[in-house]
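Working notes, structure below.
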Amino acid sequence: MDCVGGPLTNVGETFEAQAIALAMSSPFGVGDSYFRYARRERYVDTIAFALYRRAVFDRVGLFDETLAVNEDYDLNYRLRKAGGKILLIP
Numbered sequence: 324m325d326c327v328g329g330p331l332t333n334v335g336e337t338f339e340a341q342a343i344a345l346a347m348s349s350p351f352g353v354g355d356s357y358f359r360y361a362r363r364e365r366y367v368d369t370i371a372f373a374l375y376r377r378a379v380f381d382r383v384g385l386f387d388e389t390l391a392v393n394e395d396y397d398l399n400y401r402l403r404k405a406g407g408k409i410l411l412i413p
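Residue numbers are given in this note's numbering: position 19 of the sequence shown equals residue 342, and the series is strictly consecutive.
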């Protein structure tokens, strides 16, 4: 296993925040971002707040600091392209 992480959980205190959290935690609100609504362990394309083996960085490089957003997605893309696996564990 090259990378592992858990689901991204949204919470809210107010009614509006709870509505946004619900939308951001469903396939309807976030498309196919399985790490936002996961219910079972599975391999995924990308994951937020992941843990990587040191060898991953040696193999595919570090995070691209020139990117303003999606540095994790870029790293995960390079990892998958190199044959790596990303496991989501809810």
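Glycine included, every Cβ here is placed at the ideal spot set by N, Cα and C. This structure is a prediction, so every number in the text was calculated from the model and none was measured.
Between the C-alpha atoms of Thr389 and Ala346, what's the straight-line distance to the nearest angstrom? 31 Å
Pro413, buried or exposed, once every other Cβ within 10 Å from all chains shown has been counted against 16: exposed
Taking the beta strand (DSSP E) that Leu410 belongs to, which residues open and close that run? 409-411
Could you name the residues of the same chain whose beta carbon sits closer than 8 Å to that of Ile409, not counting the 5 residues immediately before and after it, in chain order? Asp325, Cys326, Val327, Gly328, Tyr366, Val367, Asp368, Thr369, Ile370, Ala373, Asn399, Leu402, Arg403
Over the uninterrupted beta strand (DSSP E) stretch that includes Val327, give me the two end residues. 326-328
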